[in-house]
Amino acid sequence: MLWARHALHDSHVARSRPETLRSSPARPRRRDASPSRRRSVVLITGLSGAGRATSLRALEDAGYVAIDNLPLTMIAPLLRSSPDAPHDIQPIAIGIDVRTRGFDATRVLTCVRELRARADLDARLVYLDCDNDVLLRRFTETRRSHPLAQDRPVLDGIVEERRALRRLRDHADETIDTSMLGPHDLKRLLLGHFGGDGQGLRLSVMSFSYRRGIPREADLVFDARFLRNPYWDSKLRGLTGLDPAVRRYVARDPDCRAFVDGVRSLLDRLLPRFEREGKSYLTVAVGCTGGRHRSVMVAEQLADGIRRQGRALVLAHRDIDITPTAPAVRTRNGTKR
Numbered sequence: 000m001l002w003a004r005h006a007l008h009d010s011h012v013a014r015s016r017p018e019t020l021r022s023s024p025a026r027p028r029r030r031d032a033s034p035s036r037r038r039s040v041v042l043i044t045g046l047s048g049a050g051r052a053t054s055l056r057a058l059e060d061a062g063y064v065a066i067d068n069l070p071l072t073m074i075a076p077l078l079r080s081s082p083d084a085p086h087d088i089q090p091i092a093i094g095i096d097v098r099t100r101g102f103d104a105t106r107v108l109t110c111v112r113e114l115r116a117r118a119d120l121d122a123r124l125v126y127l128d129c130d131n132d133v134l135l136r137r138f139t140e141t142r143r144s145h146p147l148a149q150d151r152p153v154l155d156g157i158v159e160e161r162r163a164l165r166r167l168r169d170h171a172d173e174t175i176d177t178s179m180l181g182p183h184d185l186k187r188l189l190l191g192h193f194g195g196d197g198q199g200l201r202l203s204v205m206s207f208s209y210r211r212g213i214p215r216e217a218d219l220v221f222d223a224r225f226l227r228n229p230y231w232d233s234k235l236r237g238l239t240g241l242d243p244a245v246r247r248y249v250a251r252d253p254d255c256r257a258f259v260d261g262v263r264s265l266l267d268r269l270l271p272r273f274e275r276e277g278k279s280y281l282t283v284a285v286g287c288t289g290g291r292h293r294s295v296m297v298a299e300q301l302a303d304g305i306r307r308q309g310r311a312l313v314l315a316h317r318d319i320d321i322t323p324t325a326p327a328v329r330t331r332n333g334t335k336r
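Position one of the sequence shown corresponds to residue 0 (numbering that gives the first Met the number 0), numbered consecutively onward.
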């Protein structure tokens, strides 16, 4: 029923690990300046085709100054505090890739360490990752050439770039795997984690279909497949957990109320502890077979309860638009495992 990943204690993550957003261990940072006066700096790097341009546009929409491929030697001067503009703390996002003038992994990491050490900045390095086959498909669909594969197969360029960026991935504050994310999904994820005011825990609640896999960005996963399944009612099959009829159907399961209340109680205990630890974001995911009925209903109820406590959150239903298909096995009480 519950699967949890405590991201703050990950030091390095294997390539095969199923997650979308990985947070590195908390790094020592200077805290001399007031948090409200520290300028947010997000350095975005990663594989070509993984979504750097989309990420910069998303942060620009959120009020960041977005700059792509700024030469490394110009980053520090750009962020140098000016006594004539003491209130100039507008957040800034900078894209860095292998085409950046003066690019070298060691030089990039030196720049990142210097920015992290500054008392007037809250600097974070974000690495965008993606599976090779997905990158190949994206380059084929867009008919764009890979920057390191001008005269050779695209896959060779991807492999070389992954090797060149490996150290940046290892030292990133956050690693986002965009393999299963569309542009809107990536934008939602970034705005949920970097689009706020920098205070407190940023919370996301989402529903999903187990058929399409557990969301890689999920920190806490709850399995709702034991609840009665509206799919088996022909009148409800084409509806979703947003419809009152489906909500009433699922709520009549004798275990539904205890399940929702139990998850709420657990979150009531965990959220303050995550905040005290310094965790900046948390994604709670609820899954069912098709991702349209039970998980949507439960995610909505969890979000309502959290909002009533005065917490802001981002609510998303990843697979709600997927056409429903029959579960492979129907159990005695109409549920699907």
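Every residue, glycine too, gets a C-beta built ideally from N, C-alpha and C.
Between the options, which lies nearest to residue i when the distance is taken from Cα to Cα?
i	options	result
Y280	L312, R291, L55, V295	L312
Q89	L78, S47, R98	L78
R211	R187, F193, E59, L180	L180
D119	D254, R263, S39	S39
Y94	R112, L46, D130	As written in the sequence, residue 94 is Gly, which differs from the Tyr given in the question. It is L46.
D132	E216, D254, S178	S178
I305	R268, T105, R142	R268
I292	P214, E113, D222	Sequence inspection shows His at residue 292; the Ile mentioned does not correspond to that position. Cα-wise, what sits closest to H292 is D222.
E140	G48, A302, C287	G48
A244	P253, D254, D232	D232
V249	S264, Y230, V262, R263	Y230
L219	L235, F273, R251, R117	F273
L127	T174, H170, A104, F138	T174
L301	S264, A65, A92, R112	S264
H183	V41, R215, G50	G50
R187	L270, R317, R142, L134	R317
Y209	R162, I319, A92	I319
D96	D130, V153, A52	A52
Would DSSP call residue i helix, strand or coil?
i	result
G304	helix
Y63	coil
E173	strand
A315	strand
L250	A quick correction: the sequence has Ala, not Leu, at residue 250. Residue state, collapsed to three classes: helix.
A380	This structure leaves residue 380 out entirely; the chain is present only between 0 and 336.
S178	coil
L238	coil
G289	coil
L147	coil
N131	helix
G156	helix
I321	coil
D103	coil
F138	helix
L226	coil
Provide the residue(s) that pair with residue i in DSSP beta bridges, ordered along the chain.
i	result
T44	Y126
I93	L42, I66
R79	Partner(s): none; R79 has no beta bridge.
R201	Y280
G50	Answer is none; G50 lacks a bridge partner.
S233	Beta-bridge pairing links S233 to no other residue.
F338	Since the first residue shown for the chain is 0 and the last is 336, residue 338 is missing from the structure and cannot be characterised.
S208	C287
Report the CB separation of residue i from residue j in whole angstroms; it is logged as a contact under 8 Å.
i	j	result
V125	I43	5 Å
L266	V285	Contact doesn't hold; Cβ gap of about 12 Å is too wide.
L108	R166	6 Å
V204	L314	5 Å
L58	L189	6 Å
Quick check: the region 224-242 against the region 251-258, are at least 3 beta-carbon pairs closer than 8 Å? yes
Take every Cβ of the region 235-246, pair it with every Cβ of the region 291-307, and state whether three or more of those distances are shorter than 8 Å. yes
Can you find at least 3 beta carbon pairs, one from the region 155-162 and one from the region 129-147, that sit closer than 8 Å? yes
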